[in-house]
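Working notes, structure below.
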Amino acid sequence: MQLKEWTMVEQEQLIHFMTTNTWPFHGQEKSDRELIEKTIREGGYESDEVKTFWLVNDNGEKVGIAKIHDLQDDVPLFDLRIADRYRGRGYGASALRLMADYVFGLPEGKNRLAGHTRHDNLAMRKTFERSGFVKEGHLRQAWFSPEEDRYYDAITYGITRDDYMAGEQTPVVWEDHDEDSIPTQEIPDFPDQFESERLLIRMPSLSDVSDVNNGIAQTLLSLREWMPWAYEPQTLADTEKRMRQAIADFITKTDLRLHLFDKQSGEFIGSSGLHRIDWSVPKFEIGYWLVDGYEGKGYMTEAVERIAEFAFEELGARRVDIRCDEHNKKSRAVAERAGFELEAVLKNDSRSADGSELRNTVIYVKISK
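So for the sequence shown, UniProt numbering puts the first residue at 1; every next one is plus one.
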């Protein structure tokens with residue numbers, strides 16, 4: 001089998017492939033033509049960050065596609081899809097080995113290649129293991145299936161450059177301290193969603209990409225006043241890339257992005273999360289933004305109060321803080337209404353979101369009792 005790079009002239013072939021096969025272990029079992037067309041237009045299948053390949057067997061048949069993401073990063077991710085009629089023939093393992101050959105053959109010297117799957121996708125898990133990948137993470141109830149309206153566990157697999165070059169599979173050392181060392185703070189297991197009175201608060205899902213992209217577009221002018229990232233591209237492909245990274249970070253517990261949904265309407269209304277995590281304390285920083293049209297209704301104060309409660313009760317937090325521009329009156333008001341106390345003002349600590357001037361940073365904090 002070989003990888004054959006997909007080109008724009010094969011757009012209809014790709015759309016046909018995606019819409020005529022089923023994807024039971026992906027975000028959506030059936031793919032939508034309109035969304036695929038939009039993703040293609042916005043570089044979601046071909047750009048400096050993304051390369052898509054046909055998987056071509058020895059008979060010249062296109063048996064699947066492989067899309068490699070985050071090619072500008074040291075740790076690319078991938079999406080592998082085998083057509084219905086060709087599953088169970090060993091093509092998946094061949095595809096993973098070919099993708100590893102491609103990634104580790106790039107001149108930038110990539111460090112590792114990673115992928116995620118649902119815990120009950122046993123065929124894919126065996127495919128990972130046969131291809132030299134090692135299980136690196138297991139997050140309970142972290143993979144949402146829109147069709148079934150339920151959550152599954154998520155599994156992360158990875159292969160390092162060192163293992164690839166040596167042809168080895170180095171197991172993960174889960175207990176990474178000995179009797180003579182100082183024990184590290186154990187990272188607790190915790191749910192990936194919880195509720196407040198009016199809100200469902202949960203980890204990101206690929207099914208959120210369109211809603212989040214629309215919410216950013218709707219709120220972009222407001223966001224740019226305070227958020228430097230709002231000056232970066234906000235195409236659907238960009239949002240999907242960031243979503244995949246956020247999911248990976250949540251699974252590995254390095255950053256906990258959280259999406260906010262109105263329980264009554266089901267609408268996406270904003271984003272928050274626990275960032276700049278130090279599990280050795282543990283301590284966290286809450287960030288947040290709200291979609292235009294939902295301000296003035298107390299949603300963000302409710303979300304911040306509940307997220308702080310989650311941090312203290314589920315994660316064992318000793319400290320949770322909120323940091324923002326001294327001039328950001330709305331953000332400061334949320335912190336104050338949520339019961340955070342002003343701890344410090346850092347003079348000339350950062351620049352304004354557009355980079356034009358120096359600003360002071362205010363720090364609000366809650367401490368465990």
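No residue lacks a Cβ here, since even glycine has one placed at the ideal position from N, Cα and C.
- Within the UniProt domain "N-acetyltransferase" (210 to 363), the complete beta strand (DSSP E) segments of 3 residues or longer fall at 256 to 262, 268 to 278, 283 to 290, 319 to 325, 341 to 351, listed in chain order.
- Here DSSP, grouped into helix, strand and coil, assigns residue 72 to coil.
- When the beta-carbon positions are compared, residue 317 and residue 340 stay at least 9 angstroms from each other.
- Bounds of the alpha helix (DSSP H) holding residue 101 are 91 to 104.
- Looking at 331, 324, 334, 144, the one whose alpha-carbon comes closest to that of residue 362 is 324.
- Taking the CA atoms as reference points, residue 159 sits about 15 angstroms from residue 117.
- In its chain, beyond the 5 residues on either side, no residue has a beta carbon closer than 8 angstroms to the beta carbon of residue 90.
- With distances taken between CA atoms, residue 197 lies nearest to 303 out of 303, 112, 226.
- Taking a contact to require three or more Cβ pairs closer than 8 angstroms, the region 240 to 253 and the region 130 to 147 qualify as touching.
- Between the alpha carbons of residue 129 and residue 39 lies a gap of roughly 31 angstroms.
- With a 10 Å radius around the Cβ and a threshold of 16 neighbouring Cβ atoms, residue 76 comes out buried.
- Annotation: residue 203 to residue 269 spans about 14 angstroms, alpha carbon to alpha carbon.
- By the C-beta criterion, the region 263 to 279 is judged not to be in contact with the region 153 to 167, since fewer than 3 inter-stretch pairs fall below 8 angstroms.
- Ranked by Cα distance from residue 263, the options 288, 289, 201 are led by 201.
- If you check the CB distance, residue 55 and residue 64 come in under 9 angstroms.
- By the criterion of at least three beta-carbon pairs nearer than 8 angstroms, the region 15 to 30 is in contact with the region 78 to 85.
- Counting only residues of its own chain and dropping the five nearest sequence neighbours on each side, residue 287 has a CB closer than 7 angstroms to the CB of 272, 273, 275.
- The alpha-carbon separation between residue 188 and residue 153 amounts to approximately 16 angstroms.
- Excluding five sequence positions before and after residue 50, the CB atoms of its chain that fall closer than 6 angstroms to its own CB belong to 69, given in chain order.
- Here residue 192 is near residue 142, since their CB atoms are less than 9 angstroms apart.
- Taking C-beta atoms as the reference points, residue 227 and residue 353 count as a pair closer than 9 angstroms.
- Residue 78 is bridged by DSSP to 68.
- For residue 114, the uninterrupted beta strand (DSSP E) run begins and ends at 112 to 118, by DSSP.
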